[in-house]
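Numbering (UniProt numbering), first residue to last: 1 to 282.
I have placed the structure first, in the form of C-alpha coordinates, so that the comments after it can refer back to it.
This is the structure:
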(Lines of atoms letter the chains of each structure in order from A; the text may use other names.)
(Lines give C-alpha, C1' and ligand atoms only; values in the text may rest on other atoms or scores of the structure.)
Protein backbone atom coordinates (compact mmCIF):
# COMPACT_ATOMS: atom_id res chain seq x y z
CA UNK A 1 0.00 0.00 0.00
CA UNK A 2 1.31 3.42 -0.90
CA UNK A 3 2.20 5.90 1.82
CA UNK A 4 4.41 8.81 2.80
CA UNK A 5 5.73 10.10 6.11
CA UNK A 6 8.06 12.95 7.02
CA UNK A 7 9.48 14.37 10.24
CA UNK A 8 12.10 17.06 10.97
CA UNK A 9 14.41 17.33 13.96
CA UNK A 10 15.99 20.72 14.73
CA UNK A 11 19.17 20.51 16.84
CA UNK A 12 21.45 23.43 17.78
CA UNK A 13 24.14 22.31 15.37
CA UNK A 14 22.15 20.52 12.66
CA UNK A 15 18.79 19.89 11.00
CA UNK A 16 17.79 16.27 10.37
CA UNK A 17 15.00 15.40 7.94
CA UNK A 18 13.49 11.91 7.85
CA UNK A 19 11.40 10.85 4.85
CA UNK A 20 9.86 7.43 4.28
CA UNK A 21 7.83 6.24 1.30
CA UNK A 22 6.15 2.93 0.51
CA UNK A 23 4.73 1.18 -2.55
CA UNK A 24 2.87 -2.11 -2.91
CA UNK A 25 4.84 -5.30 -2.32
CA UNK A 26 4.05 -8.81 -1.08
CA UNK A 27 6.88 -8.60 1.48
CA UNK A 28 8.88 -5.91 3.23
CA UNK A 29 11.52 -4.62 0.81
CA UNK A 30 13.45 -1.93 2.68
CA UNK A 31 15.96 0.45 1.11
CA UNK A 32 17.80 2.95 3.35
CA UNK A 33 19.86 6.06 2.60
CA UNK A 34 21.77 7.11 5.72
CA UNK A 35 24.70 9.55 6.01
CA UNK A 36 28.02 7.86 6.78
CA UNK A 37 28.19 9.53 10.21
CA UNK A 38 25.09 7.53 11.28
CA UNK A 39 25.87 4.35 9.35
CA UNK A 40 26.54 2.43 12.56
CA UNK A 41 22.84 2.79 13.42
CA UNK A 42 21.53 1.35 10.16
CA UNK A 43 20.62 -2.02 11.68
CA UNK A 44 18.67 -0.31 14.45
CA UNK A 45 16.90 1.87 11.89
CA UNK A 46 15.88 -1.23 9.97
CA UNK A 47 14.59 -2.86 13.15
CA UNK A 48 12.53 0.22 14.03
CA UNK A 49 10.89 0.22 10.60
CA UNK A 50 10.31 -3.55 10.39
CA UNK A 51 8.56 -3.50 13.78
CA UNK A 52 6.03 -0.97 12.49
CA UNK A 53 5.70 -1.96 8.81
CA UNK A 54 5.01 -5.51 7.69
CA UNK A 55 4.74 -5.18 3.90
CA UNK A 56 5.69 -2.77 1.15
CA UNK A 57 8.59 -1.55 -0.92
CA UNK A 58 9.87 1.04 1.55
CA UNK A 59 12.41 3.80 0.86
CA UNK A 60 13.92 5.45 3.93
CA UNK A 61 15.98 8.64 3.56
CA UNK A 62 17.84 10.58 6.25
CA UNK A 63 19.21 14.02 5.34
CA UNK A 64 21.46 16.10 7.60
CA UNK A 65 22.18 19.81 7.22
CA UNK A 66 24.99 21.05 9.47
CA UNK A 67 25.01 24.64 10.68
CA UNK A 68 28.30 26.24 9.47
CA UNK A 69 28.98 27.72 12.91
CA UNK A 70 28.74 24.31 14.52
CA UNK A 71 31.26 22.62 12.23
CA UNK A 72 34.85 22.28 13.38
CA UNK A 73 37.25 23.33 10.63
CA UNK A 74 40.78 21.96 10.32
CA UNK A 75 43.43 22.57 7.67
CA UNK A 76 44.51 19.56 5.65
CA UNK A 77 48.22 20.44 5.84
CA UNK A 78 49.51 17.45 3.87
CA UNK A 79 47.16 18.14 0.97
CA UNK A 80 48.07 21.85 0.95
CA UNK A 81 51.78 21.00 0.76
CA UNK A 82 51.09 18.58 -2.09
CA UNK A 83 49.11 21.23 -4.00
CA UNK A 84 51.97 23.74 -3.58
CA UNK A 85 54.54 21.20 -4.74
CA UNK A 86 52.44 20.41 -7.83
CA UNK A 87 52.07 24.10 -8.68
CA UNK A 88 55.80 24.70 -8.16
CA UNK A 89 56.57 22.07 -10.79
CA UNK A 90 54.44 23.99 -13.28
CA UNK A 91 55.47 27.54 -12.23
CA UNK A 92 58.80 27.29 -10.40
CA UNK A 93 59.32 31.08 -10.40
CA UNK A 94 56.18 31.78 -8.35
CA UNK A 95 56.69 31.93 -4.60
CA UNK A 96 54.79 29.74 -2.15
CA UNK A 97 53.25 32.86 -0.60
CA UNK A 98 51.75 33.80 -3.95
CA UNK A 99 50.52 30.25 -4.56
CA UNK A 100 48.82 29.89 -1.18
CA UNK A 101 45.64 31.90 -2.01
CA UNK A 102 45.14 29.73 -5.09
CA UNK A 103 45.76 26.51 -3.18
CA UNK A 104 43.27 27.48 -0.45
CA UNK A 105 40.52 27.46 -3.08
CA UNK A 106 41.30 23.88 -4.09
CA UNK A 107 39.02 20.96 -3.03
CA UNK A 108 39.35 19.35 0.40
CA UNK A 109 41.94 21.74 1.83
CA UNK A 110 39.58 22.22 4.80
CA UNK A 111 38.30 19.29 6.85
CA UNK A 112 34.99 19.59 8.66
CA UNK A 113 34.61 17.31 11.65
CA UNK A 114 31.71 16.55 14.00
CA UNK A 115 31.67 15.42 17.58
CA UNK A 116 30.89 11.76 18.25
CA UNK A 117 27.25 10.70 18.18
CA UNK A 118 25.81 11.00 21.69
CA UNK A 119 23.08 8.86 23.20
CA UNK A 120 20.86 11.92 23.66
CA UNK A 121 21.16 12.89 19.99
CA UNK A 122 20.42 9.37 18.83
CA UNK A 123 17.33 9.11 21.08
CA UNK A 124 16.03 12.32 19.53
CA UNK A 125 16.70 10.95 16.03
CA UNK A 126 15.04 7.66 16.94
CA UNK A 127 11.89 9.48 18.04
CA UNK A 128 11.94 11.45 14.81
CA UNK A 129 12.13 8.22 12.80
CA UNK A 130 9.16 6.85 14.74
CA UNK A 131 7.20 10.02 14.00
CA UNK A 132 7.86 9.61 10.27
CA UNK A 133 6.91 5.90 10.37
CA UNK A 134 3.71 6.70 12.30
CA UNK A 135 2.86 9.39 9.74
CA UNK A 136 3.36 6.82 6.98
CA UNK A 137 1.10 4.31 8.73
CA UNK A 138 -1.56 6.96 9.27
CA UNK A 139 -1.42 7.76 5.55
CA UNK A 140 -1.87 4.07 4.78
CA UNK A 141 -4.70 3.73 7.30
CA UNK A 142 -6.58 6.61 5.69
CA UNK A 143 -6.11 5.02 2.29
CA UNK A 144 -7.19 1.66 3.73
CA UNK A 145 -10.47 3.09 5.04
CA UNK A 146 -11.34 4.27 1.54
CA UNK A 147 -10.26 0.92 0.12
CA UNK A 148 -12.43 -0.96 2.63
CA UNK A 149 -15.55 0.85 1.45
CA UNK A 150 -14.72 0.02 -2.17
CA UNK A 151 -14.15 -3.68 -1.46
CA UNK A 152 -17.36 -4.00 0.55
CA UNK A 153 -19.22 -2.30 -2.29
CA UNK A 154 -17.84 -4.76 -4.86
CA UNK A 155 -18.74 -7.78 -2.71
CA UNK A 156 -22.24 -6.43 -2.09
CA UNK A 157 -22.64 -6.01 -5.85
CA UNK A 158 -21.82 -9.69 -6.35
CA UNK A 159 -24.37 -10.73 -3.72
CA UNK A 160 -26.97 -8.44 -5.30
CA UNK A 161 -26.34 -10.02 -8.71
CA UNK A 162 -26.61 -13.46 -7.09
CA UNK A 163 -30.15 -12.72 -5.92
CA UNK A 164 -31.10 -11.87 -9.52
CA UNK A 165 -30.08 -15.37 -10.63
CA UNK A 166 -33.10 -16.90 -8.91
CA UNK A 167 -35.60 -15.29 -11.29
CA UNK A 168 -34.17 -17.27 -14.21
CA UNK A 169 -33.83 -20.69 -12.57
CA UNK A 170 -37.44 -21.80 -13.10
CA UNK A 171 -37.52 -20.42 -16.62
CA UNK A 172 -34.24 -22.17 -17.38
CA UNK A 173 -35.65 -25.61 -16.45
CA UNK A 174 -38.74 -25.09 -18.58
CA UNK A 175 -36.62 -23.96 -21.54
CA UNK A 176 -34.35 -27.02 -21.28
CA UNK A 177 -37.32 -29.43 -21.15
CA UNK A 178 -38.96 -27.76 -24.11
CA UNK A 179 -35.75 -27.92 -26.13
CA UNK A 180 -35.28 -31.66 -25.49
CA UNK A 181 -38.96 -32.33 -26.19
CA UNK A 182 -38.76 -30.54 -29.52
CA UNK A 183 -35.68 -32.49 -30.55
CA UNK A 184 -37.42 -35.78 -29.74
CA UNK A 185 -40.40 -34.73 -31.81
CA UNK A 186 -38.14 -33.91 -34.72
CA UNK A 187 -36.57 -37.36 -34.48
CA UNK A 188 -40.02 -39.01 -34.57
CA UNK A 189 -38.97 -42.02 -32.54
CA UNK A 190 -40.67 -43.83 -29.70
CA UNK A 191 -39.02 -43.58 -26.29
CA UNK A 192 -39.47 -45.07 -22.84
CA UNK A 193 -41.15 -42.22 -20.99
CA UNK A 194 -40.01 -43.41 -17.56
CA UNK A 195 -36.41 -43.69 -18.73
CA UNK A 196 -36.70 -40.30 -20.35
CA UNK A 197 -37.90 -38.74 -17.08
CA UNK A 198 -35.09 -40.38 -15.15
CA UNK A 199 -32.48 -39.08 -17.57
CA UNK A 200 -34.03 -35.65 -17.50
CA UNK A 201 -33.94 -35.55 -13.68
CA UNK A 202 -30.30 -36.68 -13.71
CA UNK A 203 -29.40 -34.02 -16.28
CA UNK A 204 -31.20 -31.24 -14.39
CA UNK A 205 -29.50 -32.27 -11.15
CA UNK A 206 -26.17 -31.76 -12.88
CA UNK A 207 -27.24 -28.22 -13.73
CA UNK A 208 -28.51 -27.40 -10.24
CA UNK A 209 -26.69 -24.34 -8.84
CA UNK A 210 -28.06 -24.34 -5.30
CA UNK A 211 -24.76 -25.40 -3.73
CA UNK A 212 -22.81 -22.85 -5.76
CA UNK A 213 -25.15 -20.06 -4.69
CA UNK A 214 -24.87 -21.02 -1.02
CA UNK A 215 -21.07 -21.27 -1.13
CA UNK A 216 -20.74 -18.02 -3.09
CA UNK A 217 -22.94 -16.17 -0.58
CA UNK A 218 -20.99 -17.64 2.36
CA UNK A 219 -17.64 -16.70 0.80
CA UNK A 220 -18.81 -13.14 0.19
CA UNK A 221 -19.98 -12.80 3.78
CA UNK A 222 -16.71 -14.28 5.02
CA UNK A 223 -14.77 -11.79 2.91
CA UNK A 224 -16.59 -8.85 4.54
CA UNK A 225 -16.07 -10.43 7.96
CA UNK A 226 -12.31 -10.65 7.40
CA UNK A 227 -12.12 -7.03 6.27
CA UNK A 228 -13.41 -6.03 9.69
CA UNK A 229 -10.94 -8.25 11.56
CA UNK A 230 -7.90 -6.74 13.26
CA UNK A 231 -4.40 -7.48 12.03
CA UNK A 232 -2.92 -8.31 8.65
CA UNK A 233 -5.42 -10.21 6.49
CA UNK A 234 -4.55 -9.19 2.93
CA UNK A 235 -3.36 -12.67 1.97
CA UNK A 236 -6.48 -14.24 3.45
CA UNK A 237 -8.66 -11.89 1.40
CA UNK A 238 -6.74 -13.02 -1.67
CA UNK A 239 -7.51 -16.67 -0.90
CA UNK A 240 -11.20 -15.93 -0.31
CA UNK A 241 -11.45 -14.02 -3.59
CA UNK A 242 -10.07 -17.12 -5.35
CA UNK A 243 -12.87 -19.21 -3.80
CA UNK A 244 -15.41 -16.60 -4.88
CA UNK A 245 -14.06 -16.82 -8.41
CA UNK A 246 -14.30 -20.61 -8.40
CA UNK A 247 -18.00 -20.53 -7.47
CA UNK A 248 -18.76 -17.84 -10.04
CA UNK A 249 -17.07 -19.89 -12.77
CA UNK A 250 -19.04 -23.02 -11.83
CA UNK A 251 -22.24 -21.00 -11.76
CA UNK A 252 -21.49 -19.77 -15.27
CA UNK A 253 -20.70 -23.24 -16.63
CA UNK A 254 -24.00 -24.60 -15.28
CA UNK A 255 -26.20 -21.68 -16.19
CA UNK A 256 -27.33 -22.70 -19.71
CA UNK A 257 -29.23 -19.43 -19.85
CA UNK A 258 -28.22 -16.24 -21.64
CA UNK A 259 -29.48 -13.84 -18.96
CA UNK A 260 -27.86 -15.85 -16.16
CA UNK A 261 -24.58 -15.79 -18.05
CA UNK A 262 -24.82 -12.01 -18.34
CA UNK A 263 -25.12 -11.83 -14.55
CA UNK A 264 -22.10 -14.11 -14.21
CA UNK A 265 -20.07 -11.80 -16.47
CA UNK A 266 -21.01 -8.84 -14.25
CA UNK A 267 -19.97 -10.85 -11.16
CA UNK A 268 -16.60 -11.57 -12.76
CA UNK A 269 -16.15 -7.87 -13.48
CA UNK A 270 -16.74 -7.05 -9.80
CA UNK A 271 -14.40 -9.87 -8.77
CA UNK A 272 -11.58 -8.47 -10.92
CA UNK A 273 -11.94 -5.16 -9.08
CA UNK A 274 -11.73 -7.04 -5.78
CA UNK A 275 -8.58 -8.92 -6.82
CA UNK A 276 -6.89 -5.75 -8.02
CA UNK A 277 -7.62 -3.82 -4.84
CA UNK A 278 -6.86 -6.76 -2.53
CA UNK A 279 -3.21 -6.47 -3.57
CA UNK A 280 -3.18 -3.14 -1.71
CA UNK A 281 -4.40 -4.65 1.56
CA UNK A 282 -1.83 -5.58 4.19
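Heads up, the beta-carbon is just placed ideally off N, CA and C, and yes, glycines get one too.
Computed from a predicted model, the values in this text were never measured in an experiment.
Given residue i as reference, the closest of the options once Cα atoms are compared
i, options, result
"residue 248", "79, 265 and 157", "265"
"residue 215", "190, 207, 251 and 9", "251"
"residue 288", "65, 50, 137 and 146", "A query on residue 288 cannot be resolved here, the shown segment of the chain reaching from 1 to 282 and no further."
"residue 148", "2, 98, 136 and 281", "281"
"residue 276", "20, 12 and 154", "154"
"residue 125", "89, 84, 15 and 87", "15"
"residue 144", "162, 169 and 234", "234"
"residue 236", "278, 182, 131 and 191", "278"
"residue 26", "43, 10 and 56", "56"
"residue 244", "107, 32, 270 and 254", "270"
"residue 52", "150, 87, 132 and 209", "132"
"residue 40", "122, 99, 86 and 100", "122"
"residue 222", "210, 240 and 209", "240"
"residue 160", "209, 179, 217 and 150", "217"
"residue 246", "209, 226 and 225", "209"
Extent of the continuous alpha helix (DSSP H) to which residue i belongs
i, result
"residue 33", "Not the alpha helix (DSSP H): residue 33 falls in the beta strand (DSSP E), residues 28-33."
"residue 190", "Taken as a continuous stretch (DSSP letters only), residue 190 belongs to no alpha helix (DSSP H), as it is neither H nor E."
"residue 244", "234-255"
"residue 52", "42-52"
Residue i classed as buried or exposed, judged by whether at least 16 other C-beta atoms fall within 10 angstroms
i, result
"residue 96", "exposed"
"residue 7", "buried"
"residue 128", "buried"
"residue 120", "exposed"
"residue 134", "exposed"
"residue 18", "buried"
"residue 260", "buried"
"residue 90", "exposed"
"residue 102", "exposed"
"residue 94", "exposed"
"residue 191", "exposed"
"residue 212", "buried"
"residue 146", "exposed"
"residue 219", "buried"
"residue 263", "buried"
"residue 23", "exposed"
Endpoints, beta strand (DSSP E) assigned at residue i
i, result
"residue 17", "14-23"
"residue 65", "56-66"
"residue 222", "Careful: residue 222 lies outside any beta strand (DSSP E), inside the alpha helix (DSSP H) at 210-227."
"residue 10", "3-10"
Proximal residues to residue i (C-beta, below 7 Å), its chain only, five neighbours per side dropped
i, result
"residue 256", "172, 176 and 207"
"residue 78", "none"
"residue 42", "32 and 34"
Close beta carbons around residue i, own chain, < 6 Å, minus the five adjacent residues each side
i, result
"residue 138", "none"
"residue 31", "59"
"residue 87", "99"
"residue 21", "4 and 59"
"residue 83", "103 and 106"
Cβ neighbours of residue i in the same chain (closer than 8 Å, five flanking residues each side left out)
i, result
"residue 104", "80"
"residue 197", "none"
"residue 254", "206, 207, 208, 209 and 212"
Runs of 4 residues minimum, wholly inside the stretch 84-126: which ones carry the alpha helix (DSSP H) assignment? 96-103
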